[in-house]
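Student: Residue numbers (mature numbering (1 follows the signal peptide of the UniProt record, and there is no 0)): -27 to -1, 1 to 1067.
(1) Let me know the secondary structure DSSP gives residue 652 once reduced to three states.
(2) What distance in whole Å lies between the Cβ atoms of residue 178 and residue 160, which are believed to be in contact at a cut-off of 8 Å?
(3) Do residue 512 and residue 504 count as a contact pair if the criterion is CB distance below 8 Å?
(4) If I measure Cβ to Cβ from residue 444 and keep anything under 6 Å in the same chain, skipping five residues before and after, which residues do I get?
(5) Does the segment 69 to 86 come close enough to the segment 351 to 369 to have 3 or more Cβ pairs within less than 8 Å?
(6) Just how far apart, CA to CA, sit residue 808 and residue 826?
(7) Measuring straight from C-alpha to C-alpha, what distance separates residue 950 and residue 175?
(8) With H, G and I counted as helix, E and B as strand and the rest as coil, what does DSSP make of residue 597?
(9) Residue 321: which of 441, 236, 147, 33 sits nearest, CA to CA?
(10) Looking at the ligand SAH, does it come within less than 7 Å of residue 618, judged from the CB to the closest heavy atom?
(11) Taking the Cβ atom as the reference point for each residue, do residue 380 and residue 327 lie within a distance shorter than 8 Å?
(12) Residue 1006 to residue 232, Cα distance in whole Å?
(13) In this structure, how does DSSP classify residue 1055 when only helix, strand and coil are distinguished?
(14) Can you grab the Cα-Cα spacing for the pair residue 82 / residue 96, in whole Å?
(15) Could you say if the segment 644 to 654 and the segment 722 to 732 meet the contact criterion of at least three C-beta pairs nearer than 8 Å?
(16) In angstroms with no decimal places, state the Cα-to-Cα distance between residue 750 and residue 736.
(17) Who pairs with residue 844 in a beta bridge, going by DSSP?
(18) What residues in its chain sit with their C-beta under 7 Å from that of residue 509, if we drop five residues either side in the sequence?
(19) Under the three-state reduction of DSSP, which class applies to residue -5: helix, strand or coil?
(20) Start and end of the alpha helix (DSSP H) containing residue 957?
(21) Is there contact between the segment 162 to 170 and the segment 128 to 147, where contact requires at least three CB pairs shorter than 8 Å?
(22) Taking the straight line between their C-alpha atoms, what separation do you get for residue 123 and residue 157?
(23) The beta strand (DSSP E) with residue 22 in it runs from where to where?
(24) Less than 8 Å between the C-beta atoms of residue 1068 and residue 352, yes or no?
(25) Would you give the residue range spanned by the beta strand (DSSP E) that residue 165 belongs to?
(26) Under 8 Å, with one C-beta from each stretch per pair, do the segment 922 to 930 and the segment 1047 to 1066 reach the 3-pair mark?
(27) If residue 222 sits next to residue 301, beta carbons under 8 Å apart, how far is it from one beta carbon to the other, in whole angstroms?
(28) Between residue 667 and residue 26, what straight-line distance do the alpha-carbon atoms span, to the nearest angstrom?
(29) By Cβ distance, which residues of its chain are closer than 6 Å to residue 995, with the 5 residues on each side in sequence left out?
(30) Quick one: using the 10 Å Cβ neighbour count with 16 as the cut-off for buried, is residue -13 buried or exposed?
(31) So, is residue 337 buried or exposed, given that buried needs 16 or more other C-beta atoms within 10 angstroms?
(32) Is it buried or exposed, residue 602, if we count other Cβ atoms within 10 angstroms and call 16 or more buried?
(33) Does the structure place the segment 931 to 947 close enough to the segment 962 to 980 that three or more beta carbon pairs sit under 8 Å?
(34) Using DSSP bridges, identify the partner residues of residue 737.
(35) Would DSSP call residue 696 helix, strand or coil?
(36) What residue from 983, 281, 553, 697 has the CA that sits closest to residue 924's CA?
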């Protein structure tokens, strides 16, 4: 065949020094950005790559043989890298492999050390760092290294080449990060160095190819299921073999071997050729390449630099000032392009996540450089202004890519307010547009809100482009103004009621009543009716609703009601008013019905520890109201809690012991429901040496001193938490130990003190292993020994004099109405947040709301369903009184539904009608509509789905939890960045944490706004379904960019592919680092839903 050569299109500043070999010219090599110096200088012998910290990004591992260490350099995903972190290994390290040797899901390192004849194993930790190296004997001058499950026992093993002998060494793994003594096998020749592993005969067992540094030969060793190898099959190699790359170079679905030579047989300073695999473990040698240009090459690696789906090769010349890329044509042939860079060693990978491989290399000055793939294009809007009517649904802006369309680039599109306000006049947009190679135009749909409120002038907002990637630039039109033209007429009249209109009361019972009213009249139309009870707004219903059911009322109680009509301009009519009283319950014989549980109710047991458990149950239903819940353990009643309490913590249990629990609902007439039952066993305590964690106090904990007299004081403290249970509390006075009380005791009386004396008291929590918490400390002075002090005790007033819940400026009605002596209330709303207002009756009292110290109010977020709000009042003498509000958030009326971004859109539309206008003609339209109809995905508005928008971790978690029909959770999240998680997503994220689907990043954070990569998506699904993955079988996938899939992700990708959930992109690429789009997520979730229903 004819070998064609070409000068590279990039690097114009160095073209004068670029090596150029005349020829017909290769027309389409990859386009690269100019190499940039990282500022990292290392004495590098070899370089490896992998995803060390499990963030879906490619990291680098540099082997520093002269410094006896490895350097880990974490990738940032944009083609740049963090500063190196160094780890000591054995003497003269040579090569490294990355995999999970101890099955803890964290990547580990294994490094050959040629001078110390060992392999250093560094086990990875959850934070992406490594433990100190542990060395294992590995023969005579080990260099090459591979890992796989060679003995088919489910654990990873190591094979190394002993380059000062004729053997290779197999180190069988124990599955815990340790390895057995080496077992030696003849390599087939003298001085074996390069080594690679694959399944050449397709029998499911890994085989080896080994290159010799003498004798001009290489050998193939077929693997056996027990970790042994067949006798070597020797192939003549035309020279000294220095490196291998394995791939399907001729597109026949068989593994081939690229063989790099130097000091060729019969003359020559280097070349490479392809051994084409036949699928049965035998090979046919092809023609040589580079024989006329190579100069003693030592390194070869593989990648797909032009994105055509065919593997390419990179070769560096040891004693020449160039590096060559050989672009595979898919038939086993190659077209070379030379670059004027002097390379010592290199690694390839998609460092900037554009779907094409990049090159990291160190030169002979020991400096690390990155040569990222590039993209052409000048990105700008097609218009400088867009006009849209307020009732025109949306504004569509077009972004064009001019001046070339090579490569993938991204650009940020973000709206900003002008005279128009986000959320009032339009739905804000902040997304990243991706232009794949060849794409020259993209549109962004920005929903316009028809708010039915008249404005005297038109309004406008701005859309801005920023941050183009991979060498693309912004054009002159980098912003566009969107003008919204007013379509509403002015209105100044409030709705009016018909003559003689009145409220009619029906269905009056002991606890409920129905309000009925006539239709009001307005010149622009009535949009809703506001319902008030005793002066507080309960709810606003639609303009076509003329009745309202109110429940949860007190028997034999009079209530005042009012209804007002509201138009689109918030003009409110006069109120229709009326009064009605609920029916009395004459005596207990009138009530014969016990409470009942909702269908499918269960007693949920959580927070199981060696000494405690939490019981959780749903709300029961009763015609006169549930007054309480009785808690039973092993048949004995422990306690009865209020009717608005749905959980109960039990402590002081014995470790490793099974208990039977039951909950019954009770009404005011002592009718008791059937029991919800469950059994749980407390956790065992292994032994005290296994427990090194001390108990901890809740945030903001204090030691409270009360009942201070001339000779005594009472100490009060909160319950401490411990991983195996708090065994007791140690009491100290002025530094001296007084006593140790049980772990279920939270108060202690001290007597025998001297009058008018200051004492310092402290309490420490201790567990069974003797681990001790920090001290809670406080100081008190006993009273004077006189009558005046005896008659002036500290106040015990822990009452509130006011308590209210405010939503959007309106006060919710509490049931029953607030009274200082009543501690339990109910209220309802459709909003996702509320303000709790209160006032203590005694100014010296301290108040906390849900554990947070506040002065007079606190804003709380609300999940759908019941939300328990606790207001604790601590009197001056330390006594505490707790008020509870069970605030029920409805999902909203039929006109509202939650979107992935937390906004609300009209849901009265049939989801199956699929009203999204921006998916017309999209490849995923049918699947998006199907997923929407199933409630798996939501749009950003009634007509906007934004299929090509990137989906973030919060949105994908919500999709996944909805697909699997897992109930959302109200448990508090512990992520340090939990404040960044949208309120609408908290329940989904909490459920995903509970199910083990999400474990967070090494620093413990969640990063809700971070895009989800395709590799990360596979892991999420794997954890959710709890598939079993064979790590040995998943050492390679069928995707053309298999080498770019992180080792930790391959089992998960393979499992999802096996279940037909995942497919490749163009050229059968998986693109593991690419961000998942909303369309891709919808399609995958729909497949998952169908799989779940099979």
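No residue lacks a Cβ here, since even glycine has one placed at the ideal position from N, Cα and C.
Tutor: This is what the structure holds:
(1) Working through the chain shown from its first residue, we reach residue 652 at position 679. Strand, per DSSP.
(2) Indexing the chain shown from 1 puts residue 160 at position 187. Indexing the chain shown from 1 puts residue 178 at position 205. That pair is no contact at about 18 Å.
(3) Residue 504 sits at position 531 when you count from the first residue of the chain shown. Residue 512 sits at position 539 when you count from the first residue of the chain shown. Yes. Within cutoff.
(4) If you number the chain shown from 1, residue 444 lands on position 471. Excluding five sequence positions before and after residue 444, the CB atoms of its chain that fall closer than 6 Å to its own CB belong to 6, 347, 348, given in chain order.
(5) Here the segment 69 to 86 makes no contact with the segment 351 to 369; the two share fewer than three CB pairs at distances below 8 Å.
(6) On the chain shown, residue 808 is found 835 positions in, with the first residue counted as 1. On the chain shown, residue 826 is found 853 positions in, with the first residue counted as 1. One C-alpha to the other measures close to 15 Å.
(7) Position 977 of the chain shown, counted from the start, is the residue given in the question as residue 950. Position 202 of the chain shown, counted from the start, is the residue given in the question as residue 175. Counting only the Cα atoms, residue 175 lies some 47 Å from residue 950.
(8) Translated into the one-based positions of the chain shown, residue 597 becomes position 624. Of the three classes helix, strand and coil, the one that applies to residue 597 here is coil, per DSSP.
(9) Residue numbering aside, residue 321 sits at position 348 when the chain shown is read from its first letter. Per the Cα distances, 33.
(10) As far as ligands go, the structure on display features none, and thus does not contain the ligand SAH.
(11) Within the chain shown, numbered from 1, the residue matching residue 380 stands at position 407. Within the chain shown, numbered from 1, the residue matching residue 327 stands at position 354. Yes. Within cutoff.
(12) Here the question's residue 1006 lines up with position 1033 in the chain shown. Here the question's residue 232 lines up with position 259 in the chain shown. Unreliable placement is indicated for residue 1006, whose pLDDT of 46 sits below 50; the coordinate value is still reported in the next sentence. Taking the straight line joining both Cα atoms gives about 25 Å.
(13) On the chain shown, position 1082 is the one that residue 1055 refers to. Looking at residue 1055 - three-state DSSP - the assignment turns out to be helix.
(14) By one-based count along the chain shown, residue 82 stands at place 109. By one-based count along the chain shown, residue 96 stands at place 123. Rounded to the nearest angstrom, the two C-alpha atoms are 6 Å apart.
(15) The segment 644 to 654, when compared against the segment 722 to 732, does not touch it at the 8 Å Cβ threshold.
(16) If you number the chain shown from 1, residue 750 lands on position 777. If you number the chain shown from 1, residue 736 lands on position 763. One C-alpha to the other measures close to 7 Å.
(17) Translated into the one-based positions of the chain shown, residue 844 becomes position 871. Under DSSP, residue 844 shares a beta bridge with 822, 856.
(18) For the purposes of this step, residue 509 is taken as residue 536 along the chain shown, with counting starting at 1. The residues are 784, 785, 786.
(19) Reading the chain shown from its first residue, position 23 is the one you call residue -5. Because residue -5 carries a pLDDT of 30, less than 50, the predicted location of this residue cannot be relied on, and the following value inherits that uncertainty. If DSSP states are grouped into helix, strand and coil, residue -5 belongs with coil.
(20) As a working note, residue 957 is residue 984 in the chain shown. Segment 956 to 967, the alpha helix (DSSP H) holding residue 957.
(21) Result yes; three or more Cβ-Cβ pairs closer than 8 Å.
(22) Start at 1 with the first residue of the chain shown, and residue 123 comes out as number 150. Start at 1 with the first residue of the chain shown, and residue 157 comes out as number 184. For residue 123 and residue 157, the gap between their C-alpha atoms comes out near 14 Å.
(23) To locate residue 22, count along the chain shown from 1; it is residue 49. Looking at the DSSP string, the run of the beta strand (DSSP E) that includes residue 22 is 19 to 23.
(24) Not covered by the structure: residue 1068. The range shown for the chain is -27 to 1067.
(25) Mapped onto the chain shown, residue 165 falls at position 192. In the DSSP annotation of this structure, the continuous segment of the beta strand (DSSP E) that includes residue 165 starts and ends at 165 to 171.
(26) Three or more beta-carbon pairs separated by less than 8 Å link the segment 922 to 930 to the segment 1047 to 1066, which places the two stretches in contact.
(27) Residue 222 sits at position 249 when you count from the first residue of the chain shown. Residue 301 sits at position 328 when you count from the first residue of the chain shown. Between residue 301 and residue 222 the Cβ distance is about 6 Å, and since that is below 8 Å, they are a contact.
(28) As a first step, residue 667 is located in the chain shown; it is residue number 694 there, counting from the start. As a first step, residue 26 is located in the chain shown; it is residue number 53 there, counting from the start. Approximately 28 Å, taken between the alpha carbons.
(29) Indexing the chain shown from 1 puts residue 995 at position 1022. Cβ neighbours of residue 995 beyond the five flanking positions: 1025, 1028.
(30) Along the chain shown, one-based indexing puts residue -13 at 15. Bear in mind that a pLDDT of 28 at residue -13, under 50, signals an unreliable position, so the number given afterwards is only what the model happens to contain. When all chains shown are included, residue -13 counts as exposed.
(31) Residue numbering aside, residue 337 sits at position 364 when the chain shown is read from its first letter. It counts as exposed.
(32) Counted from its first residue, the chain shown places residue 602 at position 629. Per the 10 Å Cβ criterion, buried.
(33) The segment 962 to 980, when compared against the segment 931 to 947, does touch it at the 8 Å Cβ threshold.
(34) Position 764 of the chain shown, counted from the start, is the residue given in the question as residue 737. Beta bridge pairing from DSSP links residue 737 with 703.
(35) One-based indexing of the chain shown puts residue 696 at position 723. DSSP places residue 696 in coil when its eight states are reduced to three.
(36) By 1-based counting over the chain shown, the position of residue 924 is 951. In terms of CA proximity to residue 924, 983 leads the group 983, 281, 553, 697.
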